Amino acid sequence: MPERKAQDRVNDFVIKIGTVNGTGSASANGLLMKAIFRSGVPVVGKNYFPSNIQGLPTWYEIRVTRDGHRAREGRVDLMFALNVETYARDLQEVASGGYLVYDSTWPRPGLLKRDDVTVIGVPLAQLCNENFQGVRTRILMKNICYAGVLAALCALDLDIIRTLLSETYAKKPQLVESNMKAIQLGYDYARAHFACPLPLRVEKMDATRGHIVIDGNTAAALGCVYAGATVGAWYPITPSTSLMDAFKGFCDRLRVDEATGRKNYIMIQAEDELASIGMVIGANWNGARAFTATSGPGISLMQEFLGLAYYAEVPAVIFDVQRVGPSTGMPTRTQQSDLKSAAYASHGDTRQVCLYPANPEECFEFAATAFDMADRLQTPVLVLSDLDIGMNDWMCPEFKWDENYRPDRGKMLDAEQISKLDKFWRYYDIDHDGIPLRTLPGINRKGAYFTRGSGHNQYGAYTEDSKEYQFVVDRLRKKWLTAARLVPKPVIQRAQQPTDIAIVSLGSGDGAVHEAQQRLRANGIHADYMRIRSFPFNDEVEQFLQSHRINFVVEQNRDAQLRSMLIMETGVEKTRLRSILHYNGMPIPASYVFDGVMAVVVPQRPVAQRVV
Amino acid sequence: MTFMTKPRVAHPDLPRNELGLTRRDYEGATSTLCAGCGHDSVTGALVEACWANAVEPHNLVKLSGIGCSSKTTAYFVSGSHGFNSVHGRMPSIATGANAANRKLYYIGVSGDGDTLSIGLGQFCHAIRRNLRMVYIIENNGVYGLTKGQFSASADLGSTAKKGEANTQPPIDPVQLAITLGATFVARSFSGDKAQLVPLIQAAMHHDGFALIDVLSPCVTFNDHEGSTRSYAYTREHYEEVVHADFVPHAPEIAVSYAEGELQPVTMHDGSQILLRKLDQAYDPTDRGVALETIQERIKHNEYLTGLLYIAKGQPEFHAQNATPDGPLNQLPYERLRPVPAALDKIMARYR
């Protein structure tokens, strides 16, 4: 990308802050992001943290984006290199014409010098040592002091910062004062020693009204509360744990009977994922809306039970907050690499309904969709989020809830409905849509049936008869076709002009594709865009693919899992599907999609160093 | 095959329980296990206990994993819901089902392979949660369906059908359960209906996890000389320490037993189990004594049977979680969703 002029940088730049994990920098970073958001300027926050509790390097990236983009930019304009260990690589990462701030308590004149980067030294440790007592306090305050420096350099409003602090520490006002003191120290030092503000600065806008800043796990948890979930069973695993924590947090406030103190929900920390999915299946089988949250390794462990739930037709909701695999992989980095293991989870002919939210607002919305689909279709529904959506801060439109919503429990019969039946057969396709009737224990003697993962006939009885077995699995195939009509349709965004070029993506790649689509248009390339939101693929998916000469399939895994599924599940020729794959663990930036399309569409274009 | 139904013709004078149901109403599909299998006797005891306890069939949930033992859930109380899940994972299904509706009776039937090998983890954790369920292990020391491999409960030195000797020490589910804090632990023998039926009846009224380890010989793979789970061996090495009679909550029956001979234990619902103290020194409410006595007898190759340990006052799963008295699955949606004003308040935190 060419260098931009200073005046172009107002409300359009990237700050990256490198610190040490576990030293309190997370609160300062969140504070800064929120302060920019409160100034009315759209932001994107990305946390790059290690799989470690304390001591390893960690980064927080804030993209200030007046145009409201939702992806990573992929470049850094202002680096706060506060971790000596990573100073060299942090300096290298700064874009030409950018700035680097470091703690000059330990000066390093000329160290790893770059002439195209302005280096700003602030003696953060010294300032804090002189003004605060105690080792712990000094470290914590050093990690809030830089927020003051940043506020001065980028012209953040200190009043907004003070308001945010007093909201955070509403119950501990003394903390507001000590934090403000540290911020003021940094702020004043920067103002006294440097030309503040920098060209990279924040100017108030009015583009965040009606919006919130929230992560996808919190949003999904809130969605589960609204969907009427009462049982949550899980085994802790990064990056899904915060979903269950948030669910508990919401339930503590919203689901406790004031008079009795009794809880209208139950949270079960299971012994492993084998048990957590078993509990979810047991509870759904018995009529509660139950869910679990996990990540790739958990999905691997749940395979056997997911096959049972598919074949015995038991609803279940599973949030898979994907992380980098294979195996333990990189637990704190993002990927979309469970697409296949989720869609075809378990041995035998199994296929599972999957939803692919692209952002926190869709995590919120899809929670109820997932429970409704699971109950309606009597089958597991996997919601495939990822670490980027689940754990990063996203600016979203405020959530809305339709007060007329009532859970769709599908063909679950009540006592009266059962008593009217001549005879109840659990797996009989009475409506010819592949979905049978269902009863719960304890409702009516006539509704009793036997659930089993072994061969059964349409009446629910054990069988080893070829015909009877096949009749049931063929009916399950029919149910799958019904599912394709019920699951959320893809979101299709047409280019301004008719085109035979398209981009296809899913989940967290959405922001990058949107931005790339805009940049392509600025370069005269028109591309339609389809974001797939569910599996099975609807007819719309196939029609879209067939109507384009080239479909760029953008996904965040090495093996083109979405593309493979599209080849398997639709009639589109392989050659029409071209992959753009990003799988290094970082969220995909827009420039990566842009470059990937340009390389094919305008092959003679020289490609500068690719941003990853 | 299990889809063959037994003729439903019943003698009009068959005794009826409080619900007006006969024992035939508590039967299930015809067993497909080997003739003479100990498991079928356990099934018979379950039919008797459910009838005697006058359980409404559709308020009973039968759960199992995989194996010969796990098939038996299909063979009793066909009017109840059954769930034959996956190998070793029945406890998690039971946990979820119980979480959704605490008002039903849950009977899990498992085997020594299903519980002590593949399912050992889930078994232990169901105990730790004090999940209100009856957990029966039909324990024959052998893998039957896969044709005779040793299970984790096979005794050291016992031999397989073809003569191979077991070289690994057994896991004793009874000692394990007591160590883990189980609140109702019993052992019995499939051929001893007089002991087993009241134990099951009592277990169904226990307010927590009730384990009954039932020694149940495998006639096909483990009923030979050299086996320590054969009919002959079990009958010889079988000592009843505490005989339990179960008396439903009905005072006029309870007083018919003479005090002194019996140690009554009141269950959570007011009904009582009466423990006949065959050994005056034995106190089934003392965990240390229970373990010591069991271990002492094991040294002599003896199985101590009866209600071996019972703890009272331990909060069961739902009490630990402060859930409402009624089933969670019957809470109307209006009580589950936040009030309309709540969303705006929540959103304010993220603005």
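Just so you know, the protein sequences line up as chains A and B, in that order. For what it's worth, the working numbering labels the leading residue of the first sequence as 1135, then goes sequentially. For what it's worth, the working numbering labels the leading residue of the second sequence as 16, then goes sequentially. Note that CB positions come from ideal geometry on N, CA and C, so glycine has one too. Everything numeric in this text was worked out from a predicted model, so none of it was measured.
Should residue i be labelled buried (16 or more other beta-carbon atoms within 10 Å of its own) or exposed?
| i | result |
| --- | --- |
| Arg117 (chain B) | buried |
| Asn1538 (chain A) | exposed |
| Leu29 (chain B) | exposed |
| Gln1695 (chain A) | buried |
| Glu267 (chain B) | Per-residue confidence for Glu267 (chain B) stands at a pLDDT of 33, beneath the threshold of 50, marking its modelled position as unreliable; the derived number appears in the next sentence. Answer is exposed; the Cβ neighbour count stays below 16. |
| Thr1573 (chain A) | buried |
| Trp1528 (chain A) | buried |
| Asn1186 (chain A) | exposed |
| Trp1240 (chain A) | exposed |
| Gln1631 (chain A) | exposed |
| Val200 (chain B) | buried |
| Ile1149 (chain A) | buried |
Roughly how many angstroms lie between the CA atoms of residue i and residue j, to the nearest whole one?
| i | j | result |
| --- | --- | --- |
| Gln1188 (chain A) | Ala1549 (chain A) | 56 Å |
| Ser1518 (chain A) | Tyr1280 (chain A) | What sits at residue 1518 (chain A) in the sequence shown is Leu, not Ser. Spanning the two alpha carbons is a distance of roughly 37 Å. |
| Val124 (chain B) | Ser1475 (chain A) | 32 Å |
| Ser271 (chain B) | Pro185 (chain B) | Because Ser271 (chain B) sits at a pLDDT of 32, beneath the cut-off of 50, its placement in the model cannot be relied upon, and the following sentence gives the value as read from the coordinates. Each residue's alpha carbon lies about 42 Å from the other. |
| Ser378 (chain B) | Phe1384 (chain A) | No statement about residue 378 (chain B) is possible, as the shown extent of chain B runs from 16 to 366 and does not include it. |
| Pro1191 (chain A) | Gly1645 (chain A) | 27 Å |
| Leu211 (chain B) | Gln164 (chain B) | 27 Å |
| Gly97 (chain B) | Pro1624 (chain A) | 39 Å |
| Ile1701 (chain A) | Ile1637 (chain A) | 16 Å |
| Val157 (chain B) | Lys208 (chain B) | 22 Å |
| Lys1534 (chain A) | Lys360 (chain B) | 12 Å |
| Glu1707 (chain A) | Gln1680 (chain A) | 8 Å |
| Gly128 (chain B) | Leu1711 (chain A) | 49 Å |
| His1203 (chain A) | Ala1724 (chain A) | 9 Å |
| Arg366 (chain B) | Arg143 (chain B) | 42 Å |
| Tyr372 (chain B) | Phe1183 (chain A) | For chain B, the structure presents residues 16 to 366; residue 372 (chain B) sits outside this window and is missing. |
| Gly1463 (chain A) | Arg1457 (chain A) | 8 Å |
| Asp1119 (chain A) | Trp1614 (chain A) | Because chain A spans 1135 through 1746 in this model, residue 1119 (chain A) falls outside it and cannot be assessed. |
| Met1275 (chain A) | Asn1217 (chain A) | 15 Å |
| His333 (chain B) | Arg1560 (chain A) | 30 Å |
Which partner residues does residue i have in the DSSP bridge list?
| i | result |
| --- | --- |
| Asp170 (chain B) | Asp170 (chain B) pairs with nothing; no bridge assigned. |
| Leu1274 (chain A) | Leu1274 (chain A) is not bridged to any residue. |
| Tyr365 (chain B) | Tyr365 (chain B) pairs with nothing; no bridge assigned. |
| Gln164 (chain B) | B:Tyr158 |
| Arg1206 (chain A) | A:Pro1723 |
Does the beta carbon of residue i come closer than 8 Å to any beta carbon on chain A?
| i | result |
| --- | --- |
| Phe91 (chain B) | no |
| Gly97 (chain B) | yes |
| Ser168 (chain B) | no |
| Met362 (chain B) | yes |
| Ala313 (chain B) | For the sequence presented, residue 313 (chain B) should be read as Ile rather than Ala. Taking Cβ atoms only, chain A never reaches closer than 8 Å to Ile313 (chain B), which makes this a no. |
| Arg104 (chain B) | yes |
| Asn116 (chain B) | yes |
| Val76 (chain B) | yes |
| Pro188 (chain B) | no |
In terms of residues, what are the limits of the alpha helix (DSSP H) holding residue i?
| i | result |
| --- | --- |
| His96 (chain B) | Counting along the chain, His96 (chain B) falls outside any alpha helix (DSSP H), though it belongs to the beta strand (DSSP E) covering His96 to Asn99. |
| Gln1680 (chain A) | Asp1673 to Gln1680 |
| Phe1605 (chain A) | Ser1600 to Leu1620 |
| Asn1351 (chain A) | Gly1350 to Ala1361 |
| Asp1224 (chain A) | Tyr1221 to Glu1227 |
| Trp1559 (chain A) | Neither: Trp1559 (chain A) is in no alpha helix (DSSP H) and is coded neither H nor E. |
| Thr308 (chain B) | Arg302 to Lys314 |
Is there a Cβ from chain B that is less than 8 Å from the Cβ of residue i?
| i | result |
| --- | --- |
| Ala1424 (chain A) | yes |
| Lys1397 (chain A) | yes |
| Trp1535 (chain A) | yes |
| Ile1666 (chain A) | no |
| Met1413 (chain A) | yes |
| Ile1278 (chain A) | no |
| Leu1261 (chain A) | no |
Against chain C, does residue i count as a neighbour if the rule is that its beta carbon must be under 8 Å from one of theirs?
| i | result |
| --- | --- |
| Arg366 (chain B) | Among the protein chains of the structure shown, namely A and B, there is no chain C. |
List the endpoints of the continuous beta strand (DSSP E) containing residue i.
| i | result |
| --- | --- |
| Asn1181 (chain A) | Val1177 to Tyr1182 |
| Cys1530 (chain A) | Trp1528 to Pro1531 |
| Arg1665 (chain A) | Asp1662 to Ile1666 |
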